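Asker: Chains as they are written, first to last, in the numbering used here: chain A, 31 to 142; chain B, 322 to 431.
All C-beta atoms in this analysis are idealised placements derived from N, C-alpha and C, irrespective of residue type, glycine included.
Since the model is a prediction, treat every value here as computed from it, not as a measurement.
#1: Below 8 Å CB to CB, which residues in the same chain sit around residue 394/B once its five sequence neighbours on both sides are set aside?
#2: Using the Cβ count rule (16 or more neighbours within 10 Å means buried), how would you classify residue 370/B?
#3: Please confirm if residue 104/A has its CB atom under 8 Å from at least one CB of chain B.
#4: Would you give the residue range spanned by the beta strand (DSSP E) that residue 412/B belongs to?
#5: Would you be able to state if there are at least three C-beta pairs under 8 Å between the segment 324–331 of chain B and the segment 47–58 of chain A?
#6: Excluding sequence positions up to five away, which residues of its chain have a Cβ less than 7 Å from the Cβ of residue 366/B?
#7: For residue 146/A and residue 392/B, what's the separation of their Cα atoms in angstroms?
#8: Is the CB of residue 71/A under 8 Å away from at least one CB in chain B?
#9: Out of 132/A, 60/A, 127/A, point me to the one whose CA is closest to residue 99/A's CA.
#10: Let me make sure I understand the geometry here. Which of 359/B, 360/B, 388/B has the alpha-carbon closest to that of residue 348/B?
#11: Spatial neighbours of residue 35/A within its chain, please: C-beta separation below 6 Å, excluding the five flanking residues on both sides.
#12: Do residue 429/B and residue 336/B have their beta-carbon atoms positioned less than 8 Å apart in this structure?
#13: Within this structure, are the beta carbons of residue 43/A and residue 111/A separated by less than 8 Å?
#14: From residue 360/B to residue 84/A, what distance separates their C-alpha atoms?
#15: Cβ closer than 9 Å: which chain B residues qualify as neighbours of residue 88/A?
#16: Taking the straight line between their C-alpha atoms, what separation do you get for residue 323/B and residue 109/A?
#17: Under a CB-based cut-off of 8 Å, is residue 330/B close to chain A?
#18: Examine chain B for any beta-carbon lying closer than 8 Å to the beta-carbon of residue 50/A, and answer yes or no.
#19: Against residue 136/A, what residues of chain B qualify as contacts under a CB-to-CB distance less than 7 Å, listed in chain order?
#20: So if DSSP puts residue 328/B in a beta bridge, which residue, or which two residues, is it bridged to?
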């Protein structure tokens, strides 16, 4: 299917566990982004990538790791999950010519 | 910290009425964008206005930008029940990143 796909849709994990959220896009967009959405904070940028093997920190990167070995994939890893990382995570992408983002459907992560 | 701040935080109107949401930001921008988010879904890009534009239309949407006041407004005309959603403004400073506000929750009453 064309588009941007996030998996899993829902995830419950325990404090201290490592968890990886997946993001896959089929357009070969150069830019990809990870945001978290929390009540009262709107969307905050965690990490972004301008191309394969190029990543950079956003506003709230602590506790997260990203990689981008292929243009179409941009996984987000929580190295040791904490309750404060309970949130809805959105992946987004855009190409070089258009500034508008396309978002995935999100992953709702609960850390217990 | 949020660059854009929407006002009001919540808005309820009757179907058929117009809805206006405002966004203020703090520093110079390259462009400003508006997104819609239906409950439990991802954000959908609605419209983009560049810093050298003052007004832009797309269907029932009208966006204005006042760079001297660092503010923008989104007008939805002839509202429908399907317009019920949260609306976010997002600002771009000429780089890859967008900074989002906290959103306006719009409810259309049938």
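Answerer: In terms of the structure at hand:
#1: In the second chain, counting from the first residue as 1, residue 394/B sits at position 73. Here the set comprises 341, 342, 343, 344, 384, 385.
#2: Counting from 1 along the second chain, the entry for residue 370/B is found at position 49. Around the CB of residue 370/B, 16 or more other CB atoms lie within 10 Å, so the residue is classed as buried.
#3: Locating residue 104/A in the first chain gives position 74, where the first residue counts as 1. Residue 104/A does not count as touching chain B.
#4: Along the second chain, one-based indexing puts residue 412/B at 91. Per DSSP, residue 412/B belongs to the beta strand (DSSP E) from 406–413.
#5: Counting Cβ pairs under 8 Å, fewer than three are found: no touch.
#6: Taking the second chain and counting its residues from 1, the one referred to as residue 366/B is at position 45. Counting only Cβ-Cβ distances below 7 Å, and skipping sequence neighbours, we find 354, 356.
#7: Chain A is shown only over 31 to 142; residue 146/A falls outside these bounds and no answer can be derived.
#8: Locating residue 71/A in the first chain gives position 41, where the first residue counts as 1. Yes, because at least one Cβ of chain B sits closer than 8 Å to the Cβ of residue 71/A.
#9: Mapped onto the first chain, residue 99/A falls at position 69. Restricting attention to 132/A, 60/A, 127/A, the CA atom closest to the CA of residue 99/A is found in 60/A.
#10: Along the second chain, read from residue 1 onward, the residue named residue 348/B stands at position 27. Checking every option, the nearest Cα to that of residue 348/B belongs to 388/B.
#11: Position 5 of the first chain, counted from the start, is the residue given in the question as residue 35/A. Once the five neighbours on either side are set aside, the close Cβ partners of residue 35/A are 54.
#12: Translated into the one-based positions of the second chain, residue 336/B becomes position 15. Translated into the one-based positions of the second chain, residue 429/B becomes position 108. Result yes, Cβ atoms of residue 336/B and residue 429/B sit closer than 8 Å.
#13: Sequence index remark: in the first chain, residue 43/A carries index 13 (1-based). Sequence index remark: in the first chain, residue 111/A carries index 81 (1-based). Yes, the Cβ-Cβ distance between residue 43/A and residue 111/A is below 8 Å.
#14: In the second chain, counting from the first residue as 1, residue 360/B sits at position 39. In the first chain, counting from the first residue as 1, residue 84/A sits at position 54. The alpha-carbon atoms of residue 360/B and residue 84/A are separated by roughly 33 Å.
#15: Taking the first residue of the first chain as position 1, residue 88/A is located at position 58. At a C-beta separation below 9 Å, residue 88/A has these neighbours in chain B: 418.
#16: Locating residue 323/B in the second chain gives position 2, counting from the first residue. Locating residue 109/A in the first chain gives position 79, counting from the first residue. Annotation note: pLDDT 49 at residue 323/B (below 50); position unreliable, no value reported.
#17: Here residue 330/B is taken as the residue at index 9 of the second chain, counted from 1. Residue contact with chain A for residue 330/B: absent (no Cβ-Cβ distance below 8 Å to any residue of chain A).
#18: Counting from 1 along the first chain, the entry for residue 50/A is found at position 20. No - not a single Cβ of chain B is within 8 Å of the one on residue 50/A.
#19: The residue given as residue 136/A occupies position 106 in the first chain. Per Cβ cutoff of 7 Å: 363.
#20: Here residue 328/B refers to the residue found at position 7 when the second chain is read from its first residue. In the DSSP secondary-structure assignment, residue 328/B is bridged to 343/B.
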